[in-house]
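Contents: one structure, followed by commentary.
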Amino acid sequence: MRCNFVISLTRNMLDTDPPDHERLRALVSKAFTPRLIERMRPRVQEIADALLDAVQDKGEMDLIDDYAFPLPITVIAELLGVPSEDRNKFREWSDAAVSGDTTQEYVEKVLLPHMQAFTDYLRALFDEKRENPKDDLISALVRAEEAGDKLSEDELLAMVFLLLIAGHETTVNLIGNGMLALLQHPEQLQKLREDPSLIKPAIEELLRYDGPVETSTERFAREDLRIGETVLPRGEMVLVVIASADHDPERFPNPDALDITRTDNKHVAFGKGIHFCLGAPLARMEGQIAINTLLSRMPGLQLKDSPESLAWRPGMVLRGLRGLPVEF
Ligand code: HEM
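First residue of the sequence shown? That's 1 in the working numbering, and the numbers climb one at a time after it.
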C-alpha cells in the first residue's frame, strides 16, 4: 500500500518548528481572529437551533451524535468549503486518525485505508476548487499553493487535514464533557440557567474542569532540563498533561470543584506558547452558543443513564464521550 501520504500529513503547523511554523500559521491566522469569528455567531446559532428542532419532539437524544458532533463539524466544513453532507465520512476518518490504536492490525486494516480515503477525497476537492474557486478557506489556500512560494502541495493537504480534525474533535468534547459536568452539578447548572450571561466564565471553567485535550502533542527537550526533581536529558520526548496542570492545587484553589463563577481562571486547555490553539475564539463561541441554547430550549434536560455507565473514547490526547444519552 502507498503510505507516503502519512508523511505528507505531518507537514502541518502543529508538528512544525519555526520558521515553517510561522509561515504556515500566518496563512490561516487571519480567518480565525476573534473579530471575524464573532461575525459567524448568527450562523452558529442557526445550526444549533436546527439540530435541536430535529430532535425536539422525540423527548430524548444522544447529545454527542445529535448535537455536539454535528455542530462543530458543520461550522468548520462551511468555513473551509467542504460539503457538510460528507461530515459522516469525516467522522469515520478522523476517528481513525485520533484513535491512538497502534496495533499492527488496526494500522493496516483501519488507519491506513481510512487515511488513504481521506487524502484522496481532499485531493479531489482541491482540484474542484482550482477549477471553480469559491469564497472559502480551501480556495484561498489552493491559491496560495498555486502561487508556489508559500505552501507546498503536501503542506496544503496537511493544513486542511489538521483544521478539519482540530476543528471538531475537540469542540465536540467541550460540549459533551461540559454538559456532563453541568448535569452532574445541578446547582451550577441552575445558576447558569438563571443567568445565561455567566456563559463566558462557565465555558472557561468547563475547559479547565474536564477539558477536551488531556495531553499536549509531543515535545523534545532541546537541552538537558531539570523540572522539580526530574532531569530530562536532551532529546527526551515530553508530553505535558494539560488535565493535570488544570487541576494543580497550587494554581487553582479547590481545583476539583466545579465553579462557573471562578475568577483568575487561567487554564491551559488551549495549550501555551507558539502552538496556542488557533481555533480558541471559534471553540469558545461554539461552546457558549451550544450550551446556552440547550439550556434555554430544554428546561427538563437530564441524563438518561448513570454517569458511571458512560463510555469514553480511547486514546491519550483527547478526552471525550462515545455517547451521552439525555432526555428532556
Ligand atoms: C474546545 C476546543 C479546543 C481545544 C480544547 C483545543 C486545544 C488545543 C490545544 C491544547 C492545542 C495545542 C496542542 C499542543 O501544543 O500540543 C491546540 C492547537 C491547535 N488547535 Fe485547537 N482546540 C480546540 C478547538 C480548535 C478549533 C475549533 C480549531 C479550528 C480550526 C483548532 C485548531 C487548532 C490548530 C490549528 C492548532 C495548532 C496551532 C499551532 O500549532 O500553531 N482548535 N488546540
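The C-beta atom is built at its ideal place from N, Cα and C for all residues, glycine as well.
Q) So is MET13 buried or exposed if we call it buried at 16+ other beta carbons inside 10 Å? A) Classification for MET13: buried.
Q | 8 Å Cβ cutoff met for ARG11 and ASP120 | A | Taking a C-beta distance under 8 Å as the contact criterion, ARG11 and ASP120 do not qualify as a contact pair.
Q. Around the C-beta of GLY81, are 16 or more other C-beta atoms found within 10 angstroms, so that it is buried, or is it exposed?
A. Buried.
Q: Decide yes or no for the touch test of the stretch 133-152 against the stretch 21-37: beta carbon pairs closer than 8 Å, at least 3 of them.
A: The answer is yes - the stretch 21-37 touches the stretch 133-152, with three or more Cβ pairs under 8 Å.
Q: Find the nearest neighbour of PRO83 within the set PRO72, TYR106 and LEU125, judged by alpha-carbon distance.
A: Taking only the C-alpha atoms, the option nearest PRO83 is LEU125.
**Q.** 6 Å Cβ shell around ALA68 - same chain, five flanking residues per side excluded
**A.** Excluding sequence neighbours, ALA68 sits near VAL172, ILE175 and GLY176.
Q: May I have the straight-line CA-CA distance separating SER306 from GLU146, to the nearest angstrom?
A: SER306 and GLU146: Cα-Cα distance of roughly 53 Å.
Q) Applying the criterion that 16 or more other CB atoms from any shown protein chain within 10 Å of the CB defines a buried residue, is THR170 buried or exposed? A) The residue in question, THR170, is buried, as its Cβ has 16 or more Cβ neighbours within 10 Å.
Q. Can you round the beta-carbon distance between LEU111 and LEU321 to whole angstroms, since I take them to be within the 8 Å contact cut?
A. Contact between LEU111 and LEU321 fails: their C-beta atoms lie close to 22 Å from each other, not under 8 Å.
Q: Please name the residue or residues paired with MET220 in a DSSP beta bridge.
A: Contrary to the premise, residue 220 reads as Phe rather than Met in this sequence. Paired residues: MET237.
Q) Any heavy atom of the ligand HEM closer than 7 Å to the Cβ of VAL238? A) The ligand HEM never approaches VAL238 closely enough for any of its heavy atoms to be under 7 Å from the residue's Cβ.
Q.
the ligand HEM and PHE328: does any heavy atom of the ligand fall closer than 7 Å to the residue's C-beta?
A. No, the Cβ of PHE328 stays beyond 7 Å of every heavy atom of the ligand HEM.
Q) Beta carbon of GLU286, beta carbon of VAL75: below 8 Å? A) Between GLU286 and VAL75, the C-beta spacing is below 8 Å.
Q: Count the other C-beta atoms from every protein chain shown that fall within 10 angstroms of the C-beta of ALA50, then say buried if there are 16 or more, exposed otherwise.
A: ALA50 comes out exposed.
Q) Considering only residues of the same chain and omitting the five flanking positions on each side of TYR106, which have a CB-CB separation below 8 Å? A) In chain order, SER99 place their CB closer than 8 Å to the CB of TYR106, counting only its own chain and leaving out the 5 sequence neighbours on each side.
Q) When you compare only the Cα positions, how much space is there between GLU327 and ASP256? A) Each residue's Cα considered, the two are about 27 Å apart.
Q | Assigned exposure category for ARG35 - 16 Cβ within 10 Å defines buried | A | By the C-beta density criterion, ARG35 is exposed, having fewer than 16 other C-beta atoms within 10 angstroms.
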